[in-house]
Amino acid sequence: MSSENSKERAQELMRKRCRMRPYYFVGREIVIWERDVGENTEEAIGKRIWPGGEAFAEYLESGELSLEDKKVIELGAGTGLVGIVASLLGADVTITDLPDILPCTAENVTSNTMEGQSCVRPLTWGKNLAAFPTYGVHYDYVIGIEVVYIEDVFQDLITTIKYLSDKDTRILIGYQIRVKERDRAALVLLGAIIFFRRTVLYQGFHNDDEEEDTPYVNDKKIMEALPSCQTIEQAAVEDTEQ
4 MSSENSKERA QELMRKRCRM RPYYFVGREI VIWERDVGEN TEEAIGKRIW
54 PGGEAFAEYL ESGELSLEDK KVIELGAGTG LVGIVASLLG ADVTITDLPD
104 ILPCTAENVT SNTMEGQSCV RPLTWGKNLA AFPTYGVHYD YVIGIEVVYI
154 EDVFQDLITT IKYLSDKDTR ILIGYQIRVK ERDRAALVLL GAIIFFRRTV
204 LYQGFHNDDE EEDTPYVNDK KIMEALPSCQ TIEQAAVEDT EQ
């Protein structure tokens with residue numbers, strides 16, 4: 004194969020690995036680019052749009068939460084859709100993910116928001132948290148959508164949420180149970196931190212035996228200690244197609 008043909012082949016593969024996903028939120032078009040790196044790795048997972056992110060963006064747009072002038076930090080932002088919508092709704096958003104994911108995130112954020120609406124920063128859960136000073140800093144919301152999928156980093160996720168939040172922080176965790184034992188282990192750990200915080204449990208998709216799963220949200224506004232982890236499990240959504 005000639006060098007010219009090789010170049011054309013590489014360009015064709017690149018086009019196939021980049022997908023444009025148009026959305027319409029907050030009265031404007033949002034264009035999100037996904038990157039398909041061809042493997043089921045952290046990098047591949049982080050550069051795709053997941054159903055929970057789409058549904059949560061719809062929830063934010065519904066106005067159930069007041070985000071105007073609120074300080075928000077998003078963990079595991081991936082393609083950046085949720086953080087972008089939050090910023091367009093008036094929030095001061097810090098959008099974070101792993102360093103390898105961040106170029107994809109930053110491209111989407113830059114192309115869909117005005118300068119100063121949000122900032123994109125690298126954050127590896129449980130590592131170098133001092134780079135995010137909390138003295139005199141209060142986050143109104145800590146958001147983590149579709150972040151429960153790698154059991155080895157569950158404890159690092161908890162450590163990070165604890166570090167970034169205080170008693171008045173509202174933690175929004177969006178998840179869809181796909182691997183029951185793994186995800187329930189995460190819920191046990193989450194139960195250890197949310198009992199003293201004003202918390203929203205978010206349901207991404209609900210299988211109601213219709214032809215397609217319907218996105219919806221159940222905002223329980225839990226203000227006191229949860230009686231048990233089972234309460235959390237009942238608020239989650241299990242994927243019956245396993």
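Just so you know, we're using the working numbering here: the sequence shown kicks off at 4 and counts up by one. Note that the Cβ used here is the ideal one computed from N, Cα and C, for glycine as well.
| query | So the beta strand (DSSP E) Val146 belongs to, where does it begin and stop? | reply | Checking the sequence shown, residue 146 turns out to be Ile, not Val. Segment Tyr144 to Ile148, the beta strand (DSSP E) holding Ile146.
| Secondary structure at Asp222, three-state DSSP: helix, strand or coil? | Annotation note: pLDDT 35 at Asp222 (below 50); position unreliable, no value reported.
ask   = Does the Cβ of Asp211 have 16 or more other Cβ atoms within 10 Å, making it buried, or fewer, making it exposed?
value = Because Asp211 carries a pLDDT of 38, less than 50, the predicted location of this residue cannot be relied on, and no value is offered for it.
### Task
Can you grab the Cα-Cα spacing for the pair Glu61 / Thr113, in whole Å?
Spanning the alpha carbons of Glu61 and Thr113 requires a straight line of approximately 21 Å.
Check each candidate in Ile164, Gly79 and Thr137 and name the one with the smallest Cα separation from Lys50. Across the set Ile164, Gly79 and Thr137, the C-alpha of Gly79 shows the shortest separation from the C-alpha of Lys50.
With burial defined as no fewer than 16 other Cβ atoms inside 10 Å of the residue's Cβ, what is the status of Gln245: buried or exposed? Below a pLDDT of 50, predicted positions are generally treated as unreliable, and Gln245, at 37, falls in that range; no measurement from the model is reported.
* Asked: Count the other CB atoms within 10 Å of the CB of Thr163; is the residue buried (16 or more) or exposed (fewer)?
  -> Only buried fits Thr163, as 16 or more other CB atoms lie within 10 angstroms of its CB.
- prompt: For Gly66 versus Val85, is the C-beta distance shorter than 8 Å?
  reply: In this structure, Gly66 keeps its C-beta atom at 8 Å or more from the C-beta atom of Val85.
Would you mind listing the alpha helix (DSSP H) stretches within the stretch 66-152 that are 4+ residues and don't spill past its ends, in chain order? Restricted to the stretch 66-152, the alpha helix (DSSP H) segments that are unbroken, complete and at least 4 residues in length are 84-91 and 105-115, listed in chain order.
Within 8 Å, do at least three Cβ pairs link the stretch 19-29 to the stretch 96-103?
Contact between the stretch 96-103 and the stretch 19-29 is absent, because fewer than three Cβ pairs lie under 8 Å.
For this session: Determine the contact status of Tyr144 and Leu175, defining contact as a CB-CB distance below 8 Å.
Result: The answer is yes: Cβ separation under 8 Å.
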